[in-house]
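Student: After the structure tokens below, expect a handful of questions from me.
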Amino acid sequence: MRTPPRNSLPYPAPYPFRTLFRTPFPTRFPTPFRTGAEPRRKTRLGGGLVAGLVAGLLLALLAAGGCSVEYHEATFQVVEGVGEIRVVGAIADADARVLDAGGAEVARGTTDSAGRWAADVLPGRGYRVRVSGGGRRQESEPVDAFGLAAFDVRESVGQLHVTGADIGSTLEVRDGAGALVGEGTVDLLRTFIGRSLDAGGNTFRVIDREALVASADKQVMSVEDSLPDQSFYDNQVLEAGFNYITTRDGTTLSAFVSFPPGAGPHPTLVFYSGYDPSNVASGLAAVRLIGGPLGYATVGVNMRGTGCSGGAWDYFEPLQVLDGYDMVETIAAQDWVLHNHVGLAGLSYPGISQLFTAQTRPPHLAA
């Protein structure tokens with residue numbers, strides 16, 4: 047009996063195991079009715095074609111989802127705040143989104159007609175803002191959102207005074223547009239001063255970026271807007287001995303009052319300097335000894351940041367001059383001052399201080 051030829055069975059021979067793994071995408075499998083005389087053909091897809099198909103599929107999916115990899119550097123400003131991120135100067139009526147550091151969307155909205163938008167977010171680092179509209183797609187650099195700081199920030203004339211901050215920490219002062227306008231290190235007294243800040247209706251915040259905390263929005267006063275009502279001076283009472291004079295930004299100045307013999311009111315001389323005029327044991331005591339017998343009341347006042355006065359000292363800065371105005375008006379408002387006018391006196395530093403104070407034209411300064 048004749049032996050049938052190999053693979054002449056009415057069903058295919060088993061597909062070779064090694065071929066299954068060598069050819070990952072077979073395009074033509076054995077035909078069940080193929081005879082053994084037909085050659086077996088194997089084909090495989092090229093790697094470049096597969097890569098092209100996959101890339102095309104990914105691009106199609108991105109387009110369908112409204113995504114784009116072409117985000118350009120933002121021309122708008124991002125203002126970092128306490129529990130929020132604000133956008134300023136963006137495209138008007140545009141789609142705005144906030145992405146966290148992992149790329150997840152955490153807030154979405156629409157900018158207003160002025161290109162502004164704000165989003166509430168949790169304190170964290172590495173947020174990015176994307177704004178799409180008018181045929182443009184822009185993305186910000188990474189920004190942070192902060193928790194509310196525990197340190198105190200007091201508003202002053204062209205300055206912000208920080209107390210209770212962590213020693214050695216670096217603090218930033220940023221304006222309402224997010225621009226850095228001041229920076230420094232907290233001293234051993236846990237204080238920091240942001241100086242030379244432009245009032246002009248602007249707002250500021252103090253940021254400790256390492257601790258991821260910031261102050262609430264603050265404003266500084268201009269010289270013109272800082273002038274208190276007369277009642278601010280009238281309501282302060284000074285008596286013989288040690289006193290404190292409160293200035294327009296809340297800083298207190300150490301003062302020592304001496305009366306001559308007899309009932310008042312008395313002509314009054316004021317000594318204002320950075321030495322120790324409010325110290326009863328200072329050289330000014332001789333002036334008191336002379337002024338007293340001549341019938342003069344004397345008042346020695348230490349500049350801010352000197353002696354027992356509060357605040358920080360800086361050589362004839364604007365606040366030091368404005369303090370001179372507040373000092374004159376507070377002393378002149380006392381019922382023991384003759385005619386409610388005072389004179390400034392002294393040599394050297396107190397003499398220079400007279401000129402700086404006089405330029406503010408206190409209405410109750412006699413000479």
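With positions in the sequence shown counted from 1, the corresponding number in the numbering used here is that position plus 46.
From the three backbone atoms N, C-alpha and C, an ideal C-beta is built for every residue, glycine too.
1) Which residue's Cα is closest to the Cα of T376: Q366, V367, H387?
2) For E285, does the count of other Cβ atoms within 10 angstroms reach 16, so buried, or fall short, so exposed?
3) I believe F197 touches G127 by the beta-carbon criterion, under 8 Å. Please report the beta-carbon distance rounded to the nearest angstrom.
4) Do three or more CB pairs link the region 387-402 to the region 313-331 at distances below 8 Å?
5) Using a threshold of 8 Å, state whether the C-beta atoms of R143 and A136 are closer than that.
6) Just mark Q380 as buried or exposed, buried being the case when its beta carbon has 16 or more other beta carbons within 10 Å.
7) Tell me the DSSP secondary structure of G112 in three-state form.
8) Tell me the residue span of the alpha helix (DSSP H) that contains D372.
9) Under 6 Å Cβ to Cβ from W163, same chain only, skipping five residues before and after it: list those, please.
10) Sort V227, A309, F305, A120 by Cα distance to V189 and report the nearest one.
11) Could you tell me which residues DSSP puts in a beta bridge with A153?
12) Reducing DSSP to helix, strand and coil, say where G222 ends up.
13) Hey, R466 and G296 are a contact pair by Cβ (cut 8 Å); roughly how many whole angstroms apart?
14) Which residues mark the beginning and the end of the alpha helix (DSSP H) in which A404 is found?
15) In this structure, what does DSSP give as the bridge partners for H118?
16) Using 8 Å as the Cβ pair cut-off and three pairs as the minimum, do the region 232-246 and the region 202-211 touch?
17) Does S394 pass the burial test, meaning 16 or more other C-beta atoms within 10 Å, or should it be called exposed?
Tutor: By the coordinates alone:
1) The residue you call residue 376 lines up with position 330 of the sequence shown. Answer by Cα proximity: H387.
2) For the purposes of this step, residue 285 is taken as the residue at position 239 of the sequence shown. So E285 counts as exposed.
3) Here residue 197 refers to the residue found at position 151 of the sequence shown. Here residue 127 refers to the residue found at position 81 of the sequence shown. About 16 Å separates the Cβ atoms of F197 and G127, ruling out a contact at the 8 Å cut-off.
4) yes
5) Here residue 143 is taken as the residue at index 97 of the sequence shown, counted from 1. Here residue 136 is taken as the residue at index 90 of the sequence shown, counted from 1. Not a contact, by the Cβ cut-off of 8 Å.
6) Locating residue 380 in the sequence shown gives position 334, counting from the first residue. With 16 or more other Cβ atoms within 10 Å, it is buried.
7) As a position in the sequence shown, residue 112 is number 66, starting the count at 1. At G112, the pLDDT of 49 sits below 50, so the modelled position is not reliable; the number obtained from the coordinates is stated separately. Reduced to three states, the DSSP call for G112 is coil.
8) Along the sequence shown, one-based indexing puts residue 372 at 326. It spans 364-378 - the alpha helix (DSSP H) in which D372 sits, taken as one unbroken run.
9) What you label residue 163 is simply residue 117 of the sequence shown in a count that begins at 1. Around W163: V133, A142, G155, T157.
10) Residue numbering aside, residue 189 sits at position 143 when the sequence shown is read from its first letter. Of the candidates V227, A309, F305, A120, the one whose C-alpha sits nearest the C-alpha of V189 is A120.
11) Numbered from 1 along the sequence shown, position 107 holds the residue referred to as residue 153. Its beta-bridge partners are V144.
12) In the sequence shown, the residue the question calls residue 222 occupies position 176. Of the three classes helix, strand and coil, the one that applies to G222 here is coil, per DSSP.
13) Absent from the model: residue 466. The displayed extent of the chain is 47 to 413, so no value can be given.
14) The residue you call residue 404 lines up with position 358 of the sequence shown. Here the alpha helix (DSSP H) through A404 covers 395-404.
15) Stepping through the sequence shown from its first residue, residue 118 is reached at position 72. Bridge partners of H118: Q184.
16) The region 232-246, when compared against the region 202-211, does touch it at the 8 Å Cβ threshold.
17) To locate residue 394, count along the sequence shown from 1; it is residue 348. By the C-beta density criterion, S394 is exposed, having fewer than 16 other C-beta atoms within 10 angstroms.
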